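First to last, the sequence lines map onto chains A, B, C and D. If you read the first sequence in my numbering, its first letter stands for residue 19, the second for the next number, and so on. If you read the second sequence in my numbering, its first letter stands for residue 19, the second for the next number, and so on. If you read the third sequence in my numbering, its first letter stands for residue 19, the second for the next number, and so on. If you read the fourth sequence in my numbering, its first letter stands for residue 19, the second for the next number, and so on. Every residue, glycine too, gets a C-beta built ideally from N, C-alpha and C. Note that the coordinates shown come from a computational prediction; the quantities given were computed from them, not determined experimentally. Working notes, beginning with the structure itself.
4 protein chains.
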Amino acid sequence: MPTVLARSIRRIGIGLAVMSISVGLPLVADALRPEAAIGNASAAPIDADKAAAFDWVDRNAETMKALATDLWGTPELSFREFRSSRTLIRYLESNGFTVTTGAAGMPTAFVASAGSGKPVVALWTEEDALAGMSQRPAPAREPIVAGGPGHACWHNLIGPSTAAAAVAVAQFLKRTGAPGTIRVYGTPAEETGGGKDFMLDAGLFRDVDVLLGWHPSTNTRTEFEYSKAMAEMHFRFKGVASHASVAPDKGRSALHAVELMDAGVNALREQLKEDVRVQYVISNGGGEPNVIPADAESWYIVRANKHDEAADVVQWISEIAKGAAMMTRTQVDMRVDNDQPEVLPNRPLAVVLDRNLHLVGAPAFRDEDRAFARRLLEGSGRDPQPVSTDVVALPREPAQEAYSTDLGNVSWTVATGRFAVAPSPYVIAPHTWQAAVNAATAGLEAIPIAAKTLAATAIELFKTPGAIDAAKEDLAAVSHGHTYKLLTPPGRKPPVYREGASAQPLR
Amino acid sequence: MPTVLARSIRRIGIGLAVMSISVGLPLVADALRPEAAIGNASAAPIDADKAAAFDWVDRNAETMKALATDLWGTPELSFREFRSSRTLIRYLESNGFTVTTGAAGMPTAFVASAGSGKPVVALWTEEDALAGMSQRPAPAREPIVAGGPGHACWHNLIGPSTAAAAVAVAQFLKRTGAPGTIRVYGTPAEETGGGKDFMLDAGLFRDVDVLLGWHPSTNTRTEFEYSKAMAEMHFRFKGVASHASVAPDKGRSALHAVELMDAGVNALREQLKEDVRVQYVISNGGGEPNVIPADAESWYIVRANKHDEAADVVQWISEIAKGAAMMTRTQVDMRVDNDQPEVLPNRPLAVVLDRNLHLVGAPAFRDEDRAFARRLLEGSGRDPQPVSTDVVALPREPAQEAYSTDLGNVSWTVATGRFAVAPSPYVIAPHTWQAAVNAATAGLEAIPIAAKTLAATAIELFKTPGAIDAAKEDLAAVSHGHTYKLLTPPGRKPPVYREGASAQPLR
Amino acid sequence: MPTVLARSIRRIGIGLAVMSISVGLPLVADALRPEAAIGNASAAPIDADKAAAFDWVDRNAETMKALATDLWGTPELSFREFRSSRTLIRYLESNGFTVTTGAAGMPTAFVASAGSGKPVVALWTEEDALAGMSQRPAPAREPIVAGGPGHACWHNLIGPSTAAAAVAVAQFLKRTGAPGTIRVYGTPAEETGGGKDFMLDAGLFRDVDVLLGWHPSTNTRTEFEYSKAMAEMHFRFKGVASHASVAPDKGRSALHAVELMDAGVNALREQLKEDVRVQYVISNGGGEPNVIPADAESWYIVRANKHDEAADVVQWISEIAKGAAMMTRTQVDMRVDNDQPEVLPNRPLAVVLDRNLHLVGAPAFRDEDRAFARRLLEGSGRDPQPVSTDVVALPREPAQEAYSTDLGNVSWTVATGRFAVAPSPYVIAPHTWQAAVNAATAGLEAIPIAAKTLAATAIELFKTPGAIDAAKEDLAAVSHGHTYKLLTPPGRKPPVYREGASAQPLR
Amino acid sequence: MPTVLARSIRRIGIGLAVMSISVGLPLVADALRPEAAIGNASAAPIDADKAAAFDWVDRNAETMKALATDLWGTPELSFREFRSSRTLIRYLESNGFTVTTGAAGMPTAFVASAGSGKPVVALWTEEDALAGMSQRPAPAREPIVAGGPGHACWHNLIGPSTAAAAVAVAQFLKRTGAPGTIRVYGTPAEETGGGKDFMLDAGLFRDVDVLLGWHPSTNTRTEFEYSKAMAEMHFRFKGVASHASVAPDKGRSALHAVELMDAGVNALREQLKEDVRVQYVISNGGGEPNVIPADAESWYIVRANKHDEAADVVQWISEIAKGAAMMTRTQVDMRVDNDQPEVLPNRPLAVVLDRNLHLVGAPAFRDEDRAFARRLLEGSGRDPQPVSTDVVALPREPAQEAYSTDLGNVSWTVATGRFAVAPSPYVIAPHTWQAAVNAATAGLEAIPIAAKTLAATAIELFKTPGAIDAAKEDLAAVSHGHTYKLLTPPGRKPPVYREGASAQPLR
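Below, the structure is given as structure tokens:
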């Protein structure tokens with residue numbers, strides 16, 4: 019593929035050019051003066067270690083993209099990332115990493131390590147796909163498997179880029195003999211369920227000094243921002259089955275309970291503050307219409323800017339559920355599957371990440387990419403919104419974003435730095451079939467950008483222990499005195515599915 | 019009005035003709051052999067006393083119709099029949115009745131008496147109109163007062179015909195010197211509220227031997243039938259007011275509670291037995307939309323064939339109300355305004371009534387009446403359904419009807435006989451504007467029919483003490499061992515309105 | 019199993035005893051005077067042919083029960099009766115039947131024939147189980163597979179008994195050399211989908227003279243009765259997916275459309291006539307709560323005593339669906355999967371069936387069965403309702419029942435006779451887990467009863483051509499002039515599933 | 019009342035003190051350099067004219083408060099401010115104003131003028147109260163008239179203070195002989211209906227140069243801010259009445275339509291942007307439950323930051339209404355009663371107002387007021403939120419507030435300046451019974467503050483024609499090119515009520 023090759027060469031060229039300028043700059047001092055970088059999007063100077071990592075990434079870009087395309091082709095739902103995790107584990111092991119599989123009791127969780135001793139810099143990956151998002155890589159809605167899952171949140175890009183970054187960093191550690199460990203945490207069920215918390219509860223992050231990761235988004239930026247807090251839960255209603263025509267009066271409809279609960283929540287929306295989001299689906303709508311449904315279930319996600327507020331709304335919703343059960347003479351059971359505070363931004367890590375993200379730059383899309391994206395977005399009823407071709411400037415104050423992630427609890431425990439890379443020349447909404455198309459086409463261009471940024475940042479941190487200390491101090495200062503009570507039941511276990519079997523978890 | 023005059027004469031003629039045949043028949047024995055009359059609609063023989071009463075009714079028919087037209091023109095809501103009750107009281111007093119007004123603490127209730135001693139034969143009247151049914155006597159929807167009340171249940175026909183019958187019977191008692199008392203109970207709020215029960219609780223029916231009455235319906239028949247049991251109640255929800263735009267999160271919406279309760283009840287319909295009926299209106303929908311409503315109220319009627327079943331449904335609905343309050347963090351208060359078991363049919367009284375109803379015959383409508391009724395019913399999307407021109411045969415077993423009345427409790431206490439007269443040549447549904455038109459036009463023809471039937475039946479009962487005994491024995495036998503617990507609060511008081519003032523009761 | 023053996027012997031004894039009495043009675047004449055049998059439950063006399071069939075059934079009773087237990091253990095959903103149909107086909111083929119598989123384009127439909135020429139007497143079987151009804155044969159709710167299907171409508175009893183009857187009749191035809199064909203129609207998807215109609219449309223019933231079948235029910239009776247008419251349909255709503263927190267305003271919720279449609283239907287219940295039944299489940303409740311659902315689906319069954327009325331209600335519900343789509347800016351597509359008029363009772367066939375059912379008698383349950391049934395029904399909050407130990411008398415007029423079946427269209431085309439056998443000493447509601455337990459325990463006792471009744475009736479019909487003519491004339495007379503327009507799309511195809519694959523049909 | 023007297027004296031003292039400092043400052047220039055005042059809350063210098071006005075206000079403070087107390091005692095609903103407007107008209111006429119009553123076809127609208135020629139400075143008043151807010155001036159919920167209206171939005175304070183300011187300004191014009199006209203616009207129905215627009219449409223604001231007014235709020239500030247745009251509308255559903263038990267299937271429920279529409283809107287909330295507000299009440303919930311309601315009505319207010327967005331939401335809601343009508347086979351009619359864009363802030367006027375508001379200062383509450391306010395707010399479940407004792411600084415950019423007013427259209431036509439005065443030492447939410455209490459107690463203290471600020475601002479504008487020009491230029495610049503299409507029907511007429519009659523407007 020000559021076009022792609024040409025690009026890689028161009029990038030190497032830029033990398034080397036910049037490298038020559040940056041030799042000899044006092045990186046350590048810079049990291050300790052994080053405020054220097056605020057506001058002006060000045061790129062970090064490049065040193066030989068970063069340059070070597072960039073070179074490695076560029077040489078392996080096609081491999082990474084092939085890996086991402088492979089993952090894209092076998093989308094797997096949350097907690098069921100069997101094949102995807104094996105693919106990444108194989109890649110990491112073949113590149114010298116030691117891998118613990120089945121971490122924290124989850125068959126698809128893993129921890130891969132290289133190097134040794136302190137500090138421990140960790141990267142995370144996510145591999146799960148979204149239900150109902152199966153889609154051919156074509157600019158029209160065409161599922162590959164009707165109703166099947168699809169990579170509409172770009173997680174297929176995350177694993178390969180992160181694994182590649184980890185390998186490049188491992189090479190740096192090995193080459194330089196620098197002390198320190200580079201890890202990759204393969205975290206299941208980012209979309210629903212939240213695998214990271216089971217790893218956190220199992221103590222797997224205990225010795226991690228800083229955690230780094232990325233996600234495709236609407237632009238290329240350091241995510242110095244709050245996500246929303248969120249809680250995810252199931253409401254199971256239990257009624258009495260009865261023949262729907264012969265004896266409907268003998269039945270107690272669990273489905274009516276679910277619908278009345280939803281009606282109650284829709285009315286509640288009037289009383290919610292602007293930043294609150296509540297969404298639900300009906301995960302069990304009741305068997306066959308011949309029988310008054312004895313079992314029905316809904317699945318909720320509640321979000322708010324702050325965890326306390328989300329918890330208050332969950333409390334009210336649980337009262338609505340009880341009211342619906344009372345109305346229908348059924349029983350209800352609420353199970354909180356995931357409870358995440360807002361992700362905590364870490365300014366020192368944001369400054370280092372931002373420096374390196376500017377060094378790498380945003381993806382440069384081709385005219386063909388632009389044309390394809392416009393076709394892809396046709397029929398959405400809105401003009402395509404172009405993405406900035408530059409890395410967005412680091413904000414003075416943390417922004418407040420509307421998404422939420424399962425990184426919330428981790429970010430209150432480990433100093434966490436995050437960034438985003440735009441996978442498209444025009445904004446593509448996550449969780450749409452267009453995102454699934456993009457994840458197999460132009461979105462692949464985000465992979466080397468992310469890999470280089472992760473690698474350069476990790477290398478800089480290994481070379482600048484003070485920056486790690488600053489990040490940890492910032493976390494300590496910001497989280498000091500904050501307590502929040504999780505809604506998830508203590509001692510809960512992750513769901514375990516059997517590979518190949520479909521619907522129900524074994525546990 | 020020559021046409022009407024001709025009719026009266028024709029009726030007198032028939033009356034006299036039949037009378038001549040009936041002289042000397044042993045009526046007492048007949049009443050004691052009620053089963054003899056079953057199935058074959060044989061008219062009772064007419065005697066001189068009945069003939070005299072018929073004659074009086076025919077001579078006063080225009081007066082009664084004028085009275086009915088007057089009542090029609092000033093429709094008054096339940097418990098607010100101020101002018102209507104005064105009109106009837108004046109008529110009865112001017113015809114020699116002694117009247118107790120303000121009976122049982124209700125300004126519009128009265129008991130009028132003539133004659134003396136036992137037995138006591140009582141007739142009842144109803145005078146209240148229906149909200150929103152104001153209508154000109156024209157074959158198209160034209161309210162006289164937009165949103166105003168109207169006589170869409172024909173109660174304007176009941177008072178005049180019943181009062182006239184009572185006067186005719188009083189004349190019989192006076193003329194013959196027979197022992198016995200004829201009474202008229204002016205009962206408020208038949209439509210909603212149920213004034214009869216307050217009179218019952220006050221002991222006003224204690225010495226009544228039999229109770230007789232009538233209502234317009236889809237045909238002319240003795241109502242040897244069960245009505246549905248019914249309970250009527252208000253649910254008042256109390257929330258917290260708040261500015262609907264500035265601070266909706268501080269409000270608690272009583273209106274949402276009402277709507278969620280209704281949604282719960284609509285879902286419940288799936289679990290209701292076929293004979294159950296539940297209907298509601300929203301009697302307070304919440305002020306102005308600038309404010310989250312702190313107050314809202316719904317008004318329910320629950321009906322079922324049997325009282326126990328209605329009570330079960332009320333129980334479930336009260337749980338739905340509590341569920342709705344829980345959902346919305348509001349409070350709810352349920353107040354049962356009226357609770358009536360199914361009306362108990364009384365076979366001996368039905369037999370006597372049926373005999374006399376056949377003697378009188380169903381109304382004979384004119385071609386003009388038929389043409390007008392067809393115009394009136396045009397646009398209903400259904401072909402007009404012609405009414406039988408004959409009195410319908412007495413059924414072998416009591417029928418089960420869908421309506422309910424506030425006669426339920428009374429009928430379990432006093433032996434009660436009822437019949438219906440068709441007010442129209444084609445079926446007109448009650449509680450429609452067409453009924454309000456009919457009540458001022460052809461419906462007036464039902465008045466002399468009803469008056470004669472009531473008078474003849476009462477006269478026959480006064481002359482046949484054994485028939486009264488049989489009726490009382492039937493009640494004792496049928497109601498023996500049945501107990502039912504009323505949902506109305508013990509010791510409750512009727513609402514009292516001030517004449518002229520509009521909305522709220524004083525108490 | 020000595021107990022069972024003792025029973026079989028007892029039954030044979032009875033059969034023989036009765037047989038000796040019945041020899042020589044003029045069966046033909048009796049069948050032509052069907053009214054003779056009304057009201058008094060006189061058993062038919064038994065002849066040698068019936069006695070032989072009974073003997074065969076008794077000798078094979080254990081085999082049939084084993085077959086039923088086998089089917090019970092592998093419950094399969096509608097249109098997916100792969101294993102069950104194969105089991106029956108194998109049994110019939112091994113007993114000399116010629117079997118056409120994959121009938122009418124349905125992998126699980128079959129037609130098995132023995133004998134030759136006219137008349138053609140056909141029996142039908144049903145094999146599908148119900149979703150969510152998986153249950154151990156124990157007196158407490160214990161699914162074998164959580165959420166899995168189960169035989170809660172006793173279809174596991176139908177196939178073995180019907181196949182056995184067919185074999186017994188085939189032996190009669192072979193032995194006597196009588197002209198005529200005995201057939202078994204293996205009809206898929208009785209519970210939902212209605213496989214019989216695809217076979218009807220394919221002309222597979224064209225040469226059938228009479229059709230006979232049975233079903234477990236609340237007592238043992240000839241089903242001289244109307245079922246309800248019914249229509250079954252799916253509503254698929256199509257919206258726009260969007261991230262539920264980042265851009266909910268960009269989404270269009272198909273799930274809200276489903277819920278609002280259901281709310282509209284629940285409100286509609288107030289306007290439905292008493293005999294109408296409407297039930298729904300939500301067959302697609304919308305993916306994951308991270309995404310505003312672009313796809314959601316509900317599944318409805320509408321029933322009414324008459325087909326026209328059901329069709330009217332379907333029309334209104336389709337308007338509600340459109341209203342819900344309008345409310346949510348989504349699109350909706352209605353697909354009618356099954357449309358059945360009320361099953362037409364056939365008096366001549368009912369008379370013959372009734373005679374033979376009385377000859378066979380209702381199942382005689384043991385004390386252990388009664389004790390177990392009482393335990394099974396404990397906790398239902400109702401006293402167990404004992405089942406008549408006698409065959410219920412044939413009613414004078416056809417009864418009206420609340421169930422519906424996919425026999426509706428067939429019964430308007432082929433003269434159809436049906437009967438019920440009580441599978442339990444106490445009434446067990448169909449479509450409950452208790453029914454699933456019963457279908458593997460005492461319910462097995464219904465099998466020989468049903469097999470004998472089917473066999474005796476078919477034999478009597480083969481020997482009495484006039485009875486067949488009477489049945490056909492009755493159908494012609496009753497259905498004359500009646501037309502009904504089916505709501506199912508013309509030329510529709512049955513859904514086809516792949517064995518082993520789970521959720522979605524291939525077509 | 020010595021306490022109050024002491025206060026007035028104290029205020030006069032402050033006024034004079036400040037006056038002595040300010041003599042001789044070049045006010046004109048200042049007004050032309052509006053930006054000078056931004057950010058620092060510097061008070062305007064006081065001149066002799068303002069001082070004279072302040073003196074007059076202080077001397078008449080008790081009269082104004084008595085007037086406000088009088089209005090408070092006779093609360094009148096929108097378009098029915100009969101007595102209230104007469105009270106203000108009488109006051110203005112007795113102080114030399116010429117008054118046009120019945121302005122723009124509204125019995126309760128008036129325009130009062132004094133002075134002559136240009137420029138024309140206009141003030142507006144509002145007099146309507148809120149339904150259901152009747153309340154004694156006591157710290158517990160005690161309606162004076164159950165369900166009656168009450169001054170829970172402080173409009174009783176607006177008329178007296180504004181009229182007093184106008185009189186003070188008229189005296190200035192008369193005394194100085196300065197050219198110019200001071201006007202008071204008595205505008206009906208601010209709460210619902212929007213009387214200002216009818217006056218605008220009638221051309222009554224055509225020659226107005228600037229418009230000034232005030233409203234109590236959560237603090238004392240110049241309202242340099244956007245309100246929300248809003249549209250207010252009624253949805254009338256028309257069904258078919260029928261007896262609710264005898265023939266519910268013949269009815270078409272307009273009430274169900276209203277409830278389903280509301281359910282649709284509650285679901286829609288999920289798709290609304292954060293700034294949108296939708297609220298409704300049910301203004302006709304359907305007569306009596308004996309009848310399927312043929313008529314029902316809901317009353318909606320839609321708000322959004324921008325008018326276009328509000329109009330989009332109204333469009334969607336109108337589709338929901340149509341969907342609800344389709345669901346219930348009823349008809350619906352939407353009538354927009356009021357449509358207001360967001361109020362346009364005017365920077366030059368804000369600067370002048372702010373200068374004078376600082377000159378006057380925020381109300382100084384007493385310890386008793388504070389103690390009473392705390393008692394008043396007890397039981398609200400929230401700690402009382404203290405109000406700033408200073409005038410809040412003018413913001414750099416216009417703020418965005420959540421309320422809306424009927425000033426929207428006027429503010430896009432006439433340069434409009436507005437300010438708020440805190441009526442309480444602790445924040446009291448508008449449209450609560452606590453606000454009604456405050457409006458009769460401590461809230462009266464806001465009157466002289468508002469009167470002085472209005473008078474001083476008007477005087478300064480009369481003396482500084484350039485400031486008026488600047489205000490008009492700012493309006494022209496900001497509104498240039500903006501067009502918005504009103505949803506109200508062209509040529510609509512205001513509703514007209516008859517004084518004393520209650521519910522329905524004559525037109």
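Determine the extent of the beta strand (DSSP E) in which B/S96 is found, giving its start and end residues. Here B/S96 belongs to no beta strand (DSSP E), and DSSP marks it neither H nor E.
Can you name, in chain order, every residue of its own chain whose Cβ lies under 8 Å from the Cβ of A/S497, other than the five neighbours on each side? L362, W430
Contacts of C/N284 in chain B (Cβ-Cβ under 8 Å): Here the neighbours are A281, N284, A285, R287, E288.
Secondary structure at A/V258, three-state DSSP: helix, strand or coil? Correct three-state label for A/V258: strand.
Rounded to a whole number of angstroms, what is the C-alpha to C-alpha distance between A/F128 and A/M251? 25 Å
Any beta-carbon of chain A closer than 7 Å to the one on C/I300? yes
At which residues does the beta strand (DSSP E) containing C/A130 begin and terminate? 128-134
Whole angstroms is fine: what's the gap from C/G177's alpha carbon to C/A86's? 8 Å
Please report how far the alpha carbon of A/T407 lies from the alpha carbon of A/A382, in whole angstroms. Between the alpha carbons of A/T407 and A/A382 lies a gap of roughly 7 Å.
Output the boundary residues of the alpha helix (DSSP H) element that contains C/E277. Under the DSSP assignment, C/E277 falls in the alpha helix (DSSP H) whose first and last residues are 272-286.
Could you please tell me which residues of the region 297-321 of chain D, in chain order, have their CB closer than 8 Å to any CB of chain A? Q297
Between the Cα of B/T116 and those of B/R201, B/A149, B/A328, B/R436, spot the shortest distance and give me the residue it belongs to. B/R201
Buried versus exposed call for B/V163 [16 or more other C-beta atoms within 10 Å across all chains shown]: Classification for B/V163: exposed.
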